Amino acid sequence: MDRRECLGLISCAIGGASVGLAGVSPVGAQVKAVAGNYRRYSAPGKSGKKVIILGIDGMDPNLLKKYVDEGIMPNFQRLISEGDFKPLQTTQPPQSPVAWSTFITGMDPGGHGIYDFIHRDLSAFQVPGEAGVYSSMSRSEGPEKTVAVGKWVIPLSGGKIEQLRQGKAFWQILEEHGIPTTIYKMPANYPPVPSSGRSLSGMGTPDMRGTMGKYSYYTEIIPRNADDIDRGGGEVHKVQIQNHRIKARINGPDNTFQRIRKAASRRSAKKKKQEYLTPKCSIDFEIWIDPEKPVAKFVVQDDEFILQEGEWSDWVRLDFEAVPYLVNISAIARFYLKKVRPAFELYVTPLQINPEDPALPISTPENWSQELFESLGYFYTKGLPADTKAFSEGVFTGRDFWDQSEMIFQETRKALDYFMDTFDDGLLFFYFSSLDQGSHMLWRYMDPEHPCHVQDEFLSDGIRRIYLEMDEALGRVQHSIDDNTTLIVMSDHGFCPFYYGVNLNSWLVEMGYLKLIRPAEQAMHRYFGNIDWPETKAYGLGINGLYLNIKGREKQGIVSPGAEYEELLNELEADLLAMEDPRNGQHPISLVTRTHRDFHGPCTELGPDLVIGYNRGYRCSWESPLGQFPLELFPVNEDPWSGDHCMDHRVIPGVLLTNRKITLETPALYDLTVAVLAEFGLEPLPEMIGKNCLGPVANAAIRVTMENG
Ligand SMILES: [Zn+2]
Numbered sequence: 092m093d094r095r096e097c098l099g100l101i102s103c104a105i106g107g108a109s110v111g112l113a114g115v116s117p118v119g120a121q122v123k124a125v126a127g128n129y130r131r132y133s134a135p136g137k138s139g140k141k142v143i144i145l146g147i148d149g150m151d152p153n154l155l156k157k158y159v160d161e162g163i164m165p166n167f168q169r170l171i172s173e174g175d176f177k178p179l180q181t182t183q184p185p186q187s188p189v190a191w192s193t194f195i196t197g198m199d200p201g202g203h204g205i206y207d208f209i210h211r212d213l214s215a216f217q218v219p220g221e222a223g224v225y226s227s228m229s230r231s232e233g234p235e236k237t238v239a240v241g242k243w244v245i246p247l248s249g250g251k252i253e254q255l256r257q258g259k260a261f262w263q264i265l266e267e268h269g270i271p272t273t274i275y276k277m278p279a280n281y282p283p284v285p286s287s288g289r290s291l292s293g294m295g296t297p298d299m300r301g302t303m304g305k306y307s308y309y310t311e312i313i314p315r316n317a318d319d320i321d322r323g324g325g326e327v328h329k330v331q332i333q334n335h336r337i338k339a340r341i342n343g344p345d346n347t348f349q350r351i352r353k354a355a356s357r358r359s360a361k362k363k364k365q366e367y368l369t370p371k372c373s374i375d376f377e378i379w380i381d382p383e384k385p386v387a388k389f390v391v392q393d394d395e396f397i398l399q400e401g402e403w404s405d406w407v408r409l410d411f412e413a414v415p416y417l418v419n420i421s422a423i424a425r426f427y428l429k430k431v432r433p434a435f436e437l438y439v440t441p442l443q444i445n446p447e448d449p450a451l452p453i454s455t456p457e458n459w460s461q462e463l464f465e466s467l468g469y470f471y472t473k474g475l476p477a478d479t480k481a482f483s484e485g486v487f488t489g490r491d492f493w494d495q496s497e498m499i500f501q502e503t504r505k506a507l508d509y510f511m512d513t514f515d516d517g518l519l520f521f522y523f524s525s526l527d528q529g530s531h532m533l534w535r536y537m538d539p540e541h542p543c544h545v546q547d548e549f550l551s552d553g554i555r556r557i558y559l560e561m562d563e564a565l566g567r568v569q570h571s572i573d574d575n576t577t578l579i580v581m582s583d584h585g586f587c588p589f590y591y592g593v594n595l596n597s598w599l600v601e602m603g604y605l606k607l608i609r610p611a612e613q614a615m616h617r618y619f620g621n622i623d624w625p626e627t628k629a630y631g632l633g634i635n636g637l638y639l640n641i642k643g644r645e646k647q648g649i650v651s652p653g654a655e656y657e658e659l660l661n662e663l664e665a666d667l668l669a670m671e672d673p674r675n676g677q678h679p680i681s682l683v684t685r686t687h688r689d690f691h692g693p694c695t696e697l698g699p700d701l702v703i704g705y706n707r708g709y710r711c712s713w714e715s716p717l718g719q720f721p722l723e724l725f726p727v728n729e730d731p732w733s734g735d736h737c738m739d740h741r742v743i744p745g746v747l748l749t750n751r752k753i754t755l756e757t758p759a760l761y762d763l764t765v766a767v768l769a770e771f772g773l774e775p776l777p778e779m780i781g782k783n784c785l786g787p788v789a790n791a792a793i794r795v796t797m798e799n800g
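All you need for our numbering is the position in the sequence shown, starting with 1, plus 91.
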């Protein structure tokens, strides 16, 4: 398994395509989120206070300092000289959903219960034929009751989509005190938690097929990695040109309103029971190729548009008919005509939930996404919109990725203008994704030490250019605010190069902690198949998680809780820290965190027993998180995804800048949560573990004394 497949399975883990229609009822295609009961937004009274938080995912303090020192980021320079700047301690593990959940709740993973992108489902884990993993952020279920009539399936109750993060979001606390809040694309907040303010979901929001983003790729020549693409981030369609015309189809979400008879299998024949499949909604469209020029005309439902080779379309609205005349499911997509000749190639973005007519819950109040659409036009609604997968899978070149990233940034930038023109009271949180995504995909162009460094004059400057864009955006905000506005610029983590993967599960085999049923087939099985569980003491799952196989907890657990458990943790910790890469003598792991000892709150049972902190340059391999065992322990990372942050949190802190003074020596994400509440004169909740990092200096001094004591 490589990155593609890993992502594909994570998509399955979030509920697969069926989530697309979870909760859509036949009347009016309404969706009910579990977190529902939205109060309609009504402008509360004036709080008389303004706080603006710019959340710049992945902004790194070292790179920021470097560019500021070069004198090319004047607006950040001004903020630093007039206010303050410090690295911001992130979470362990420093994965975005974990870090943002900590900022949202003021708690560590022990409190909010998000430890990784994926968690294991103990009821299905270690069960043959079951993956036993799920997305840590949200879960969807179809309607509990349905009635089947012929080929139709009519839901009698709404399905539900459940936000899995525990704890109260800081903006919910503000709203309880009458402070207006506007939350633009907060990560790890899908579906958005109930709120009387305005919020739009961000990272973690699926596409309209219920995946973390499945693009469509139309081509005359099927690429060699087509199977990988289909298992991973895309869907390959072979097309034929006949009389200058291509007939093609866009697949939408599963049509859970319909069923089709499955051909009888031996098993079903035995049971004498007819089995059914759920078909996909789809839309047929046509492309007319100009006989001479590299130009094509597209006819998609009522839309007609012409694209030159290398050109992107505007947003195109797509209406999938689930039940004729009754249920339409709306989505939007953009078309990118990559090549007309010699061989035709077309890329279509993952189907975005249409903000104008959202079939899944993406905002509070429910109609706020519509209001945004009216002011901004269509926009990307999928969590992280840049198509890193199309780039990793060779459908995008580096330049294609850059062009798409720029379009996303421009959309975001336009939204920032809108908020700067309209925001006048309370809290505004505004999120940028492009620096994180760009730093992941463009690192190896910038870094000549990367083992897969690529020379490219334009792209080697890509990350720096995104920093400059952030500087311009900050300037726009500085221009709009008055002296009474608190401005906070923060990131969830920084960035490091990702040179080598660590096959943690293969290492566990080598060290005797994990036994395989058929050792000769070590590299051949997937998804934790081939593990001899009754002989296995520990296994890695997710990007930073290591679990012990515990008696009474895991279905086939063998490690006794108590002394044996503690001893095994000690032994593992020592071995993990002693791990050495023979290529350079480095230790790929520099920190081992124990969930029960180091985290606080009621969710420590959910987490892995150990959280692995990888050293600079290393990260868990693409294969290990979902239970594969390649033979090489430390493979070179050949994926364009060449920068990362899922490491030892001490090597990748985020940034904190503000026009106030930062009064804690080493502020952490959970301190910032407390500081935001304090800006509005509110006390933290008892379960919050931070201190006000913008508070009076005296407080900070007390804290240092107490910690030293
Ligand atoms: Zn990231």
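Quick reminder that beta carbons are idealized off the backbone N, C-alpha and C, glycines included. Bear in mind that the values here come from a model prediction, so they are computed numbers and not experimental data.
Straight-line gap, residue i to residue j (C-alpha atoms, nearest Å)
i    : j    : result
R567 : R751 : 19 Å
A669 : P278 : 35 Å
K156 : G401 : 36 Å
K305 : T296 : 13 Å
F514 : L154 : 30 Å
L595 : G698 : 17 Å
P731 : L776 : 42 Å
E436 : I320 : 15 Å
H736 : R408 : 36 Å
T576 : A769 : 14 Å
K473 : V391 : 22 Å
H584 : G529 : 14 Å
S712 : C543 : 15 Å
S821 : Q254 : No information on residue 821 is available, as it lies outside the stretch 92 to 800 that the chain covers here.
M738 : I634 : 9 Å
G146 : K177 : 15 Å
D406 : L291 : Checking the sequence shown, residue 406 turns out to be Trp, not Asp. Approximately 19 Å, taken between the alpha carbons.
F510 : E465 : 14 Å
P787 : P152 : 24 Å
G220 : D318 : 21 Å
A124 : P165 : Caution applies to A124, whose pLDDT of 34 falls short of 50 and renders its modelled position unreliable; the value that the coordinates give is listed next. A124 and P165: Cα-Cα distance of roughly 44 Å.
Of the residues the options, the one placed nearest residue i, counting alpha carbons only
i    : options                : result
Y471 : I143, F690, L442, Q613 : L442
G592 : M581, G704, G489       : G704
D212 : E612, L722, P456, R644 : R644
M537 : K251, L255, S733       : S733
L559 : G269, G162, I499       : G162
I554 : W534, G323, P446, I144 : W534
N336 : F389, N316, V327, Y761 : In the sequence as displayed, the identity of residue 336 is Arg instead of Asn. Residue F389 is the option with its Cα nearest to R336.
F619 : A222, E366, K642       : A222
P673 : D512, L724, I332, K259 : L724
Cut-off 6 Å between Cβ atoms - residues of its own chain near residue i, not counting five sequence neighbours on either side
i    : result
I608 : N621, D623
L667 : I680, V683
H687 : T695
Y604 : K628, A629
I312 : A434
K141 : T576
G631 : L595, N596, L637, S715
Q121 : Note that Q121 scores 34 on pLDDT, short of 50, meaning its location in the model is unreliable; the coordinates nonetheless yield the value given after this. Excluding sequence neighbours, Q121 sits near nothing in its chain.
Cut-off 7 Å between Cβ atoms - residues of its own chain near residue i, not counting five sequence neighbours on either side
i    : result
V439 : Y306, S307, I341, A424, F426
E729 : C543
S460 : L291, P446, P449, I453, S454
T193 : T182, D199, H203, L760, Y761
A108 : Interpretation of A108 is limited by its pLDDT of 33, a score under 50 that renders its predicted location unreliable; the figure taken from the coordinates is listed afterwards. Around A108: R300, G301, T302, P344, D345.
CB contact check: residue i to chain B, cutoff 7 Å
i    : result
E436 : Here chain B cannot be found, since the structure has a single protein chain.
In DSSP terms, what residue i is bridged to
i    : result
G162 : Answer by DSSP bridge pairing: none, since G162 is not bridged.
I743 : Paired residue(s): none; I743 is not in a bridge.
H210 : Y225
Cβ-based neighbour list, residue i, same chain, cut-off 8 Å, excluding 5 preceding and 5 following
i    : result
G325 : K305, Y306, S307, Y308, K480, A481, E484, V486
M615 : N621
A134 : Any answer about A134 is weak, because its pLDDT of 48 lies below 50 and its placement is not dependable; what the coordinates show is given next. Contacts found: P271.
Inside the segment 565-638 only - beta strand (DSSP E) runs reaching at least 3 residues: 576-581, 587-593, 629-632
Starting from the N-terminal side, write out each stretch of the alpha helix (DSSP H) that is 4 residues or longer and does not extend beyond the segment 408-480. 459-467
Segments assigned beta strand (DSSP E), at least 3 residues, entirely inside the segment 293-374: 306-310, 325-329, 336-345
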